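Colleague: After the structure tokens below, expect a handful of questions from me.
2 protein chains.
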Amino acid sequence: MGQGADHLTSNQAQVLDHLRAANAPMTAYQLLGRMQNDRGAVAPPTVYRALKALEEAGLIRRIETLRAWAPVATVRPGVVVICDDCGTVRGVEAPGLLESLHERLVAEGFAEARKTIEVHGRCGDCAEDRA
Amino acid sequence: MGQGADHLTSNQAQVLDHLRAANAPMTAYQLLGRMQNDRGAVAPPTVYRALKALEEAGLIRRIETLRAWAPVATVRPGVVVICDDCGTVRGVEAPGLLESLHERLVAEGFAEARKTIEVHGRCGDCAEDRA
DNA sequence: CGGATATACGTTATAGTATAACATAGCGCA
DNA sequence: TGCGCTATGTTATACTATAACGTATATCCG
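Those protein sequence lines, which keep their order, are chains A and B. Throughout, the numbering used here is defined as the position within the first sequence, counted from one, plus 2. Throughout, the numbering used here is defined as the position within the second sequence, counted from one, plus 2.
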């Protein structure tokens, strides 16, 4: 587990721990609340700086459609699948898909820098629960 | 031009006009500023309500990674391609791609409701300008 | 040692995005 | 006429994110 990290600072480690302990993405202010429980006063920049460093280290990513953050372990590669019922988030491998999109764009002279692919819906477990 | 619309209210038409006149997505508060220029006092809910109605009518969509809004005409189907240099946004057809992703998810028991696919990078025109 | 630089962090304030809640106005129609 | 519906106005506030400045600590090297 864990790649791309050098040494995490204690703020960064704490944020990462909370994200890994959660079973759904957390917003920055949810994290802020947890940190304020753990120790005393914490201000938003503390959280956002940790999030930025962790994102740059490849350890977390922002789920754009949720305005929230998730550890990369649960979300891995290109495609993020989000259950709107239970809130869980998974990464789905889709190598061919990313490949073919890439070729499409290259053919048009577009130089890709960053891809965001997020799918909302209901996961199998939640569908069963309603059956 | 234009589908899915019933009758637009004047707020909605005004917002849509501004979005169509722009060559890049606009934030809600940019739109708010334009509306305040056009007539006098306008408050955020006026803009957000119009955006919501237009989105439900399929006439615009939110570009999640930009926190901004674009007319569907410029952005069409599944894949949104964004140039980080000039700010323009295009829709790219990618039927096979969406198809195969869909099948992947169905196979896992996941029921899709909404897909967001956004690609950032530099468009061909901007690449030339730097050559 | 002592100073220069770099990094993280604390702290205060503010910018930017979005919605809740309640009041009002106009329209269609029983 | 009076009811219900929809859109709008209006005020306030919630939520998300960053700017700007100061301080502490570590590191490197003269």
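Where is the CB? At the ideal position from N, CA and C, for every residue including glycine. Just so it is clear, the structure is predicted and the values come from calculations on it, not from any experiment.
For chain B, find out if any of its Cβ atoms is closer than 7 Å to the Cβ of A/G6; answer yes or no.
Modeller: Unreliable placement is indicated for A/G6, whose pLDDT of 43 sits below 50; no coordinate value is reported for it.
Colleague: Tell me the DSSP secondary structure of A/G123 in three-state form.
Modeller: Of the three classes helix, strand and coil, the one that applies to A/G123 here is strand, per DSSP.
Colleague: So if DSSP puts B/V83 in a beta bridge, which residue, or which two residues, is it bridged to?
Modeller: Its beta-bridge partners are B/R92 and B/V121.
Colleague: With 7 Å as the threshold, decide whether the Cβ of B/M49 is near any Cβ in chain A.
Modeller: For the record, residue 49 of chain B in the displayed sequence is Val; it is not Met. Judged by the 7 Å Cβ criterion, B/V49 is not in contact with chain A.
Colleague: Have a look at A/A26, A/A96 and A/V81 and flag the residue whose alpha-carbon is nearest the alpha-carbon of A/C88.
Modeller: Among A/A26, A/A96 and A/V81, the Cα nearest to that of A/C88 belongs to A/A26.
Colleague: Tell me whether A/A43 sits in a helix, a strand or coil according to DSSP, three-state version.
Modeller: The answer is coil: DSSP assigns A/A43 none of H, G, I, E or B.
Colleague: Give the single residue among A/M28, A/E130, A/D127 and A/S102 whose Cα lies nearest to the Cα of A/V74.
Modeller: Out of A/M28, A/E130, A/D127 and A/S102, A/M28 has the C-alpha closest to the C-alpha of A/V74.
Colleague: From B/Q14, B/I62, B/L103 and B/L99, pick the residue whose C-alpha is nearest to that of A/R106; which is it?
Modeller: Closest option to A/R106, Cα to Cα, is B/L99.
Colleague: Helix, strand or coil for B/P27, going by three-state DSSP, please let me know.
Modeller: B/P27: coil per DSSP, three-state reduction.
Colleague: Under the rule that 16 or more other beta-carbon atoms within 10 Å means buried, what is B/K54, buried or exposed?
Modeller: So B/K54 counts as exposed.
Colleague: For B/G80 and chain A, any beta-carbon pair shorter than 7 Å?
Modeller: Closer than 7 Å: no.
Colleague: Start and end of the alpha helix (DSSP H) containing B/R63?
Modeller: Premise fails: B/R63 lies in the beta strand (DSSP E), I62 to I65, not in any alpha helix (DSSP H).
Colleague: Along the chain, where does the beta strand (DSSP E) containing B/A109 start, and where does it finish?
Modeller: No beta strand (DSSP E) contains B/A109, which is instead part of the alpha helix (DSSP H) from P97 to A109.
Colleague: Which residues of chain A have a Cβ atom closer than 9 Å to the Cβ of B/E57, listed in chain order?
Modeller: Near B/E57 there are no residues of chain A at all, since even the closest Cβ is about 13 Å away, more than 9 Å.
Colleague: How many angstroms separate the CA atom of B/D40 from the CA atom of B/E57?
Modeller: Computed Cα separation, rounded: 22 Å.
Colleague: Which residue from A/L18, A/V94 and A/A70 puts its Cα closest to that of A/G60?
Modeller: For A/G60, the nearest C-alpha among the options comes from A/L18.
Colleague: I want to see whether chain B comes within less than 7 Å of A/A63, judged by CB atoms only; does it?
Modeller: Checking the displayed sequence, the identity of residue 63 of chain A turns out to be Arg instead of Ala. So, not an interface residue.
Colleague: Would you mind working out which of B/Q38, B/G123 and B/F112 sits nearest A/E130, comparing C-alpha positions?
Modeller: Taking only the C-alpha atoms, the option nearest A/E130 is B/F112.
Colleague: Looking at B/T118: is its Cβ nearer than 7 Å to the Cβ of A/T90?
Modeller: Taking 7 Å as the Cβ cut-off, B/T118 and A/T90 do not qualify as a contacting pair.
Colleague: At which residues does the beta strand (DSSP E) containing A/A75 begin and terminate?
Modeller: Here A/A75 belongs to no beta strand (DSSP E), and DSSP marks it neither H nor E.
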